[in-house]
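Novice: For reference, the structure I am asking about is given below.
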Amino acid sequence: MREELLAVIERNSRIDLKELAVILGVEEMDVVNELQALEDEGIVCGYHTMIDWEKTSIEKVSALIEVRVTPQRGQGFDNIAERIYKYPEVTSVYLISGGFDLLVTLEGKSLKEISGFVSDKLSTLDSVLSTATHFILKKYKDHGTVLTKKYEDVREKVSP
Amino acid sequence: MKDMLSKQVVGLKPSGIRKFFDIVSEMEDAISLGVGEPDFDTPWHIRDEGIYSLEKGRTFYTSNSGLMELRQEISNYIKRKQGVTYDPKHEVLITVGGSEAIDIGLRAVVNPGDEVLIPQPSYVSYEPCAIMAGAVPVIIELKAENEFRLTAEELEEAITDRTKVLILPFPNNPTGAIMERKDLEAIAGVIRKHDILVMSDEIYAELTYKEKHVSIVEIEGMRERTILINGFSKSYAMTGWRLGYACGPKEIIEQMTKLHQFAIMCAPTTSQYAAVEALRNGDEDVAEMRTAYNQRRRFLIHAFREMGLECFEPFGAFYVFPCIKEFGMTSEEFAERFLAEEKVAVVPGTAFGDCGEGFLRISYAYSLDNLKLAIGKLADFVERLRREEKKD
Numbered sequence: 010m011r012e013e014l015l016a017v018i019e020r021n022s023r024i025d026l027k028e029l030a031v032i033l034g035v036e037e038m039d040v041v042n043e044l045q046a047l048e049d050e051g052i053v054c055g056y057h058t059m060i061d062w063e064k065t066s067i068e069k070v071s072a073l074i075e076v077r078v079t080p081q082r083g084q085g086f087d088n089i090a091e092r093i094y095k096y097p098e099v100t101s102v103y104l105i106s107g108g109f110d111l112l113v114t115l116e117g118k119s120l121k122e123i124s125g126f127v128s129d130k131l132s133t134l135d136s137v138l139s140t141a142t143h144f145i146l147k148k149y150k151d152h153g154t155v156l157t158k159k160y161e162d163v164r165e166k167v168s169p
Numbered sequence: 185m186k187d188m189l190s191k192q193v194v195g196l197k198p199s200g201i202r203k204f205f206d207i208v209s210e211m212e213d214a215i216s217l218g219v220g221e222p223d224f225d226t227p228w229h230i231r232d233e234g235i236y237s238l239e240k241g242r243t244f245y246t247s248n249s250g251l252m253e254l255r256q257e258i259s260n261y262i263k264r265k266q267g268v269t270y271d272p273k274h275e276v277l278i279t280v281g282g283s284e285a286i287d288i289g290l291r292a293v294v295n296p297g298d299e300v301l302i303p304q305p306s307y308v309s310y311e312p313c314a315i316m317a318g319a320v321p322v323i324i325e326l327k328a329e330n331e332f333r334l335t336a337e338e339l340e341e342a343i344t345d346r347t348k349v350l351i352l353p354f355p356n357n358p359t360g361a362i363m364e365r366k367d368l369e370a371i372a373g374v375i376r377k378h379d380i381l382v383m384s385d386e387i388y389a390e391l392t393y394k395e396k397h398v399s400i401v402e403i404e405g406m407r408e409r410t411i412l413i414n415g416f417s418k419s420y421a422m423t424g425w426r427l428g429y430a431c432g433p434k435e436i437i438e439q440m441t442k443l444h445q446f447a448i449m450c451a452p453t454t455s456q457y458a459a460v461e462a463l464r465n466g467d468e469d470v471a472e473m474r475t476a477y478n479q480r481r482r483f484l485i486h487a488f489r490e491m492g493l494e495c496f497e498p499f500g501a502f503y504v505f506p507c508i509k510e511f512g513m514t515s516e517e518f519a520e521r522f523l524a525e526e527k528v529a530v531v532p533g534t535a536f537g538d539c540g541e542g543f544l545r546i547s548y549a550y551s552l553d554n555l556k557l558a559i560g561k562l563a564d565f566v567e568r569l570r571r572e573e574k575k576d
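For the protein sequence lines, the chains are A and B, in the order given.
According to this note's numbering, the first sequence is numbered sequentially starting from 10.
According to this note's numbering, the second sequence is numbered sequentially starting from 185.
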């Protein structure tokens, strides 16, 4: 049940427990217990909402920043990653294979705010060697959901 | 001009679904639960392979039987799923959907006056295809109390010395019924005893929700007398690509290939290239779609139980077949009123044979949100009917 349950709530965390139990073919109590276990084990870490800010009047700018760093003895990348993720404007930090080390995503109110963060805070950290900032111009698809198009049922309405 | 038309064709009953389709199409805002095809798009990597074949200029006929590469993949697939071997050179034919295979398969085996056994409720084309092949269709009426499975007794009773072939439409459209191994073993005895052929339409083979699909060709003595039909429409959400196939004894496939060659030439080339990709790398897509269908199926069965609507639990295809006899209406009356009053389209069971009377086919090839909306309306409608009954 665990894998299927995770797949369902990853797409729809708002689904009610009764319905979840029905579509998984188990008892509601089992769903409750399993969800609790998943939270306790830290597998389910939160229930977020996907928002297409583009469609609101609220200004938001997001960016991806490639960061090259010097790993520290005995700590590897963990220390520097922690220093970066503590900033609230940072939405995610990933350790990456390839041409750079950390991929940082950032959300801010304006271009200026983001560039200020990069030049004042990120670049000035001791172990940061270099950064490259990519501003996101348009989100086509996010979290497996296409944002630019709505599903349209083009099938014939009745067929044998 | 006098006598312009073929009497036999004119005499064919039009598909019962057609009439209903015309009513529904005129209602713009109707929600439909009447569709017999997946709601998923063909997985992108499969479409991409079709596009790539076009880019490369693979736009010519293939051999009549279809791309050797595809026939080989089909042979591997059946070996993997059913444990039965078909020689891709002589025992596999690529057709334009499963429908063509039904048509030419019947033409290839029947002689005038031969009887073709057709269990119903079932897909709409067996009967007309049998008639056009010169055969006499003999209907076996399946029963709700058997969960619409075919029993050995029913089969035995329908067989005469003119019986040539049994059509075996499982997993079933419209009932969602399946035949499990024990059911197939039971009828296989009768089939062997009377030495008849089987045309097994397994287009929904990938969509079963209890145990893995069992094909009749797995049962002893059946492979050599069976035309196995399958295709890509339902399992890989590829209805518009029009691609199916038939596997069977060399002698039968050879004759079917002749008909296919004269009428069709070959199945669409683009679709064949896409299908190779489907069979090679599509298992995960199928599993994902199956999981989604199964969730919807559980949702519907649960909803019917809450409504107090009688319905056996179907384990195949993507249909449920609830019984509406308690309302004292025909299936058609019920469907028409439901459409008029709640603007939801379902298909009357009678579109799939007279014994579908008293039942509705409800398709769950729709998103859960869509189903929820439509089923809510069904619950309101059912409640209203029950209130009306009480007043009377």
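Here a beta-carbon is modelled for each residue, glycine too, at the ideal position from N, C-alpha and C.
1. Using the beta-carbon count (16 or more within 10 Å), is B/N414 buried or exposed?
2. Among B/I230, B/T347, B/V349 and B/V219, whose alpha-carbon lies nearest the alpha-carbon of B/E468?
3. Taking Cβ-Cβ distances shorter than 7 Å, what residues in chain B pair up with A/E13?
4. Could you tell me the alpha carbon to alpha carbon distance between B/L562 and B/I508, rounded to whole angstroms?
5. In the stretch 35-63 of chain A, which residues sit with their C-beta less than 7 Å from some C-beta in chain B, listed in chain order?
6. If we ignore side chains and look at the alpha-carbon of each, how far apart do A/S8 and A/V78 end up?
7. Taking just the CA atoms, how far does B/S417 sit from B/F244?
8. Going by alpha carbons, who is nearest to B/D287 out of B/I315, B/Q266 and B/P305?
9. When we look at the beta-carbon of A/Y160 and count the other beta-carbons within 10 Å, is it buried (16 or more) or exposed?
10. Report all residues from its chain with a CB closer than 6 Å to the CB of B/S216; omit the five preceding and five following residues, and keep chain order.
11. Is A/R23 near the ligand SAM - that is, is its Cβ less than 6 Å away from at least one heavy atom of it?
12. I'd like to know if the stretch 396-411 of chain B and the stretch 260-279 of chain B are in contact, where contact means that at least 3 CB-CB pairs between them fall below 8 Å.
13. Measuring only the C-alpha atoms, how far is A/I18 from A/N42?
14. Is any beta-carbon of chain A found at less than 7 Å from that of B/R264?
15. Is it the case that the Cβ atoms of B/A549 and B/V219 are separated by a distance below 7 Å?
16. Does the Cβ-Cβ distance between B/R291 and B/T453 come in under 7 Å?
17. Taking the DSSP output, what are the residues bridged to B/F204?
18. Use the C-beta contact count for B/P198: other C-beta atoms within 10 angstroms, 16 or more gives buried, fewer gives exposed.
19. Give me, in chain order, the residues of the same chain whose beta-carbon lies closer than 8 Å to that of A/F126; leave out the 5 immediate sequence neighbours on both sides.
20. Using a Cβ cut-off of 9 Å, which residues of the stretch 350-363 of chain B contact any Cβ in chain A, in chain order?
21. Would the beta-carbon of B/F565 fall within 7 Å of that of B/F505?
22. May I have the straight-line CA-CA distance separating B/E331 from B/Y393, to the nearest angstrom?
23. Output the boundary residues of the beta strand (DSSP E) element that contains A/Y103.
24. Could you pull the DSSP bridge partners for B/N295 from this structure?
25. Determine the chain B residues that contact A/K158 at a beta-carbon separation under 7 Å, and present them in chain order.
26. Using 8 Å for Cβ pairs, my map puts B/G200 next to B/T514. What's the rounded Cβ distance?
27. Excluding five sequence neighbours on each side, which residues of the same chain lie with their C-beta closer than 6 Å to the C-beta of B/R333?
28. List the residues of chain A that B/V528 touches, going by C-beta distances under 8 Å, in chain order.
29. I'd like to know if the stretch 469-489 of chain B and the stretch 308-324 of chain B are in contact, where contact means that at least 3 CB-CB pairs between them fall below 8 Å.
30. Which residues in the same chain have their Cβ closer than 6 Å to the Cβ of B/R255, if we skip the five residues on either side of it in sequence?
31. Measure the alpha-carbon distance for A/E50 versus A/H57 and round it to whole angstroms.
32. Is the CB-CB distance between B/Y307 and B/N248 below 7 Å?
33. Smallest Cα separation from B/E541: which of B/I437, B/N478, B/I559 and B/Q304?
34. Who are the Cβ neighbours of A/M59 in its own chain at under 7 Å, not counting the five residues just before and after it?
35. So what's A/F109 in DSSP terms, helix, strand or just coil?
36. In chain order, what residues of the stretch 220-240 of chain B put their CB closer than 8 Å to some CB of chain A?
Specialist: The structure says:
1. Against the second sequence, residue 414 of chain B aligns to sequence position 230. The residue in question, B/N414, is buried, as its Cβ has 16 or more Cβ neighbours within 10 Å.
2. Locating residue 468 of chain B in the second sequence gives position 284, counting from the first residue. Comparing Cα-Cα distances from B/E468 to each of B/I230, B/T347, B/V349 and B/V219, the minimum goes to B/I230.
3. On the first sequence, residue 13 of chain A is found 4 positions in, with the first residue counted as 1. Under the 7 Å cutoff, chain B gives T475.
4. Taking the second sequence and counting its residues from 1, the one referred to as residue 562 of chain B is at position 378. Taking the second sequence and counting its residues from 1, the one referred to as residue 508 of chain B is at position 324. Rounded to the nearest angstrom, the two C-alpha atoms are 12 Å apart.
5. When C-beta distances to chain B are compared with 7 Å, every residue of the stretch 35-63 of chain A stays at or above that value.
6. What the structure shows of chain A is the stretch from 10 to 169, and residue 8 of chain A is not part of that stretch, so it cannot be assessed.
7. Indexing the second sequence from 1 puts residue 244 of chain B at position 60. Indexing the second sequence from 1 puts residue 417 of chain B at position 233. Going from the Cα of B/F244 to the Cα of B/S417 covers about 22 Å.
8. Numbered from 1 along the second sequence, position 103 holds the residue referred to as residue 287 of chain B. It is B/I315.
9. To locate residue 160 of chain A, count along the first sequence from 1; it is residue 151. Counting Cβ neighbours within 10 Å, A/Y160 comes out exposed, since fewer than 16 surround it.
10. Sequence index remark: in the second sequence, residue 216 of chain B carries index 32 (1-based). A529, listed in sequence order.
11. By its list of ligands, the structure shown contains no ligand whatsoever, and the ligand SAM lies outside what it can speak to.
12. yes
13. On the first sequence, residue 18 of chain A is found 9 positions in, with the first residue counted as 1. On the first sequence, residue 42 of chain A is found 33 positions in, with the first residue counted as 1. The straight-line gap from Cα to Cα measures roughly 15 Å.
14. On the second sequence, residue 264 of chain B is found 80 positions in, with the first residue counted as 1. It does not; no Cβ of chain A falls within 7 Å.
15. By one-based count along the second sequence, residue 549 of chain B stands at place 365. By one-based count along the second sequence, residue 219 of chain B stands at place 35. Going by C-beta atoms, B/A549 is nearer than 7 Å to B/V219.
16. Against the second sequence, residue 291 of chain B aligns to sequence position 107. Against the second sequence, residue 453 of chain B aligns to sequence position 269. Their beta carbons are not under 7 Å apart, which means B/R291 does not touch B/T453 by this criterion.
17. For the purposes of this step, residue 204 of chain B is taken as residue 20 along the second sequence, with counting starting at 1. DSSP output for B/F204 lists no bridge partner at all.
18. Working through the second sequence from its first residue, we reach residue 198 of chain B at position 14. It counts as exposed.
19. Along the first sequence, read from residue 1 onward, the residue named residue 126 of chain A stands at position 117. Once the five neighbours on either side are set aside, the close Cβ partners of A/F126 are Y96, E98, L115 and G117.
20. N357 and P358
21. Counting from one through the second sequence, the residue named residue 565 of chain B turns up at place 381. Counting from one through the second sequence, the residue named residue 505 of chain B turns up at place 321. Contact: no.
22. On the second sequence, residue 331 of chain B is found 147 positions in, with the first residue counted as 1. On the second sequence, residue 393 of chain B is found 209 positions in, with the first residue counted as 1. Taking the straight line from one Cα to the other gives about 15 Å.
23. Locating residue 103 of chain A in the first sequence gives position 94, where the first residue counts as 1. Start and end: V99 to L104.
24. By one-based count along the second sequence, residue 295 of chain B stands at place 111. Paired residue(s): none; B/N295 is not in a bridge.
25. Counting from one through the first sequence, the residue named residue 158 of chain A turns up at place 149. Chain B residues near A/K158: none, gap ~12 Å exceeds 7 Å.
26. Taking the second sequence and counting its residues from 1, one reaches residue 200 of chain B at position 16. Taking the second sequence and counting its residues from 1, one reaches residue 514 of chain B at position 330. So it is not a contact: roughly 12 Å between Cβ atoms.
27. Locating residue 333 of chain B in the second sequence gives position 149, where the first residue counts as 1. These residues qualify, in order along the chain: A361, M363 and D367.
28. Taking the second sequence and counting its residues from 1, one reaches residue 528 of chain B at position 344. None at all; the shortest Cβ gap to chain A is about 11 Å.
29. no
30. Position 71 of the second sequence, counting from 1, holds the residue named residue 255 of chain B. Answer for B/R255: P272 and V276, listed in chain order.
31. As a working note, residue 50 of chain A is residue 41 in the first sequence. As a working note, residue 57 of chain A is residue 48 in the first sequence. Cα to Cα, A/E50 sits roughly 18 Å from A/H57.
32. Looking up residue 307 of chain B in the second sequence gives position 123. Looking up residue 248 of chain B in the second sequence gives position 64. For B/Y307 and B/N248, no; Cβs fall outside 7 Å.
33. Numbered from its first residue, the second sequence carries residue 541 of chain B at position 357. Measuring from the Cα of B/E541, the nearest candidate turns out to be B/Q304.
34. For the purposes of this step, residue 59 of chain A is identified with residue 50 of the first sequence, where counting begins at 1. So the qualifying residues of the chain are D151, H152 and T154.
35. As a first step, residue 109 of chain A must be located in the first sequence, where it is residue number 100. A/F109: coil per DSSP, three-state reduction.
36. Contact residues of the stretch 220-240 of chain B toward chain A are G220, E221 and D223 (C-beta to C-beta distance below 8 Å).
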